[in-house]
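In the working numbering, the protein residues as written are 96 to 208.
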């Protein structure tokens, strides 16, 4: 029974991580919206510059940009999962969750993902 509960918790946490921005608990940061707007405006300028450089240099810059975006995404996901781990540890520290090997297994799985 306890395994079933931890499986459900793990499944729920993974569903939360799915970027559902329509859920009631979604947190909105105006700062992020501002940065995204700035990024969009600057991207247009960069695209104009890219038209004036060699194809080889353009590809190198595009690859670098893709790596930066991938790094930002993975970093965001890591921070999100770290929040899960911190909450689980906080609840366990407060005695609201029993510390178990299943809980440690979930934390370990989150660390490795």
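Glycine residues also receive a C-beta, built at the ideal position from the N, C-alpha and C atoms. Predicted model, so just to flag it, every value in this text is computed and none were measured.
Check	Outcome
Spatial neighbours of residue 190 in its chain, beta-carbon cut-off 6 Å, leaving aside the 5 residues before and after	none
As assigned by DSSP and simplified to three states, the class of residue 47	No statement about residue 47 is possible, as the shown extent of the chain runs from 96 to 208 and does not include it.
Endpoints, the alpha helix (DSSP H) within which residue 188 is located	150-188
Contact set for residue 183: own chain, Cβ-Cβ below 8 Å, skip 5 residues either direction	192, 198, 201, 202
Cα-Cα separation, residue 133 to residue 143	16 Å
Expected contact under 8 Å - CB spacing of residue 145 and residue 153 to nearest Å	5 Å
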